[in-house]
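Asker: Quick one: the structure is below, and I'll ask about it shortly.
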Amino acid sequence: MSIIAVKGVPQKWSLMNVVKILAKTIAGNFEALNFQNGKGKSAGKNKTCYLRLSEKLDPVRVVEKINSNVFPKQFRPFALIPDHVPDIPLAVKPRKIPTKLRRALLISDEKEPEKVMALTNDEIMMELQLIDNLPFDKVQQACNKYSERIIKKIVKQVVNKHFIPQKTGYYKLRETLAPFLRRFQAGRMNRSERMYNLLRFDVPPSHYAAIMAMDGTVLNGAKLVIRPSDLPMYKLSNSILSASLDADVQDEEMKPEQLVEWNEDM
Numbered sequence: 025m026s027i028i029a030v031k032g033v034p035q036k037w038s039l040m041n042v043v044k045i046l047a048k049t050i051a052g053n054f055e056a057l058n059f060q061n062g063k064g065k066s067a068g069k070n071k072t073c074y075l076r077l078s079e080k081l082d083p084v085r086v087v088e089k090i091n092s093n094v095f096p097k098q099f100r101p102f103a104l105i106p107d108h109v110p111d112i113p114l115a116v117k118p119r120k121i122p123t124k125l126r127r128a129l130l131i132s133d134e135k136e137p138e139k140v141m142a143l144t145n146d147e148i149m150m151e152l153q154l155i156d157n158l159p160f161d162k163v164q165q166a167c168n169k170y171s172e173r174i175i176k177k178i179v180k181q182v183v184n185k186h187f188i189p190q191k192t193g194y195y196k197l198r199e200t201l202a203p204f205l206r207r208f209q210a211g212r213m214n215r216s217e218r219m220y221n222l223l224r225f226d227v228p229p230s231h232y233a234a235i236m237a238m239d240g241t242v243l244n245g246a247k248l249v250i251r252p253s254d255l256p257m258y259k260l261s262n263s264i265l266s267a268s269l270d271a272d273v274q275d276e277e278m279k280p281e282q283l284v285e286w287n288e289d290m
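Residues 25 to 290 (this note's numbering) are what the sequence shown spells out, left to right.
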């Protein structure tokens, strides 16, 4: 990750102010670390903010975009790549782009592949259980089946060089569900970033029965499946999880011994 400095930040501004005004210009993930007070004539008026950029961002290009962009009159920044980062304390809570703003700007959330797979797997399992209430072994079997198919498809596309990168991490917003949900005063709506068809929201108790009665409604050719959040979900006990982990550890310990015996036979 690269660190750049942005000079000319008004003294009254917070880290979040800087993040929000620069998010559209940078068009990628970054983090505001802390401020350093200005020197000389601008000591009492402006300060310098240090940003840590995502590995996917080119710091030179980001600096050029900030310096060439037009901002409100009270903010005339000058960005640069510092020769050395001063030894200033890190803010108690460095600021990132708020989730709502990040989604509006179509900036994808960067997570490690392991986290993405784990979160996606959890959401697939949840969807399968809520919609059809499958037995747990069937849910696990279906999840593994489709996980393997997805992985094989991606590998095939990459190997055949037909894998086309998508610039945006989100689908275009569709106003199909908005009028429907407004009828029930839905709030705190959150669409999954990995499974586009999975939408969570809250409704007032007075509208609960009405929206549950809309299960199976066809809207613009799509069938709505509506489920309450209090359905019983399968959850493995701690004893089963610990036993599974112990078995994995034993397998790892046995592998070197098996290799030694095989080599001796050869």
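Glycine included, each C-beta is placed from N, C-alpha and C at the ideal position.
1) Only counting runs of 4 or more residues, tell me where the alpha helix (DSSP H) segments fall wholly within the segment 72 to 142, in order along the chain.
2) Can you confirm whether the segment 146 to 155 touches the segment 79 to 96 when touching is taken to mean that 3 or more C-beta pairs between the two stretches lie within less than 8 angstroms?
3) Can you tell me the Cα-Cα spacing of Leu243 and Glu172, whole angstroms?
4) Could you spell out the range, first to last residue, of the alpha helix (DSSP H) harbouring Met213?
5) Taking the continuous beta strand (DSSP E) assigned at Leu57, which residues delimit it?
6) Applying the criterion that 16 or more other CB atoms from any shown protein chain within 10 Å of the CB defines a buried residue, is Glu199 buried or exposed?
7) Check this for me: beta carbons of Pro101 and Gly32, under 8 angstroms apart or not?
8) Relative to the C-alpha of Ile131, which residue among Lys247, Glu217, Val94 is closest?
9) Taking just the CA atoms, how far does Met219 sit from Lys139?
10) Is the Cβ-Cβ distance between Leu57 and Pro118 less than 8 angstroms?
11) Measure the alpha-carbon distance for Ile235 versus Thr72 and round it to whole angstroms.
12) The beta strand (DSSP E) spanning Lys69 covers which residue range?
13) Helix, strand or coil: how does DSSP classify Arg206 here?
14) I need the straight-line Cα distance from Ala103 to Asp133, nearest angstrom please.
15) Since Ser78 and Asn53 are thought to touch, with beta carbons under 8 angstroms apart, how far apart are those beta carbons, to the nearest angstrom?
16) May I have the straight-line CA-CA distance separating Ser38 from Asp254, to the nearest angstrom?
17) Can you tell me whether DSSP reads Ile28 as helix, strand or coil?
18) Classify Asp226 as helix, strand or coil using the three-state DSSP reduction.
Answerer: On the basis of the coordinates in this document:
1) 83 to 92, 123 to 128
2) Not touching, per the Cβ criterion.
3) In this structure, the alpha-carbon of Leu243 lies about 32 angstroms from that of Glu172.
4) Taken as a continuous stretch (DSSP letters only), Met213 belongs to no alpha helix (DSSP H), being part of the beta strand (DSSP E) at 211 to 215.
5) 54 to 61
6) exposed
7) yes
8) Glu217
9) 14 angstroms
10) Yes, the Cβ-Cβ distance between Leu57 and Pro118 is below 8 angstroms.
11) 51 angstroms
12) Counting along the chain, Lys69 falls outside any beta strand (DSSP E), and DSSP gives it neither H nor E.
13) helix
14) Separation of Ala103 and Asp133 (C-alpha to C-alpha, rounded to the nearest whole angstrom) is 24 angstroms.
15) Ser78 to Asn53, Cβ: 4 angstroms. Contact.
16) 40 angstroms
17) strand
18) strand
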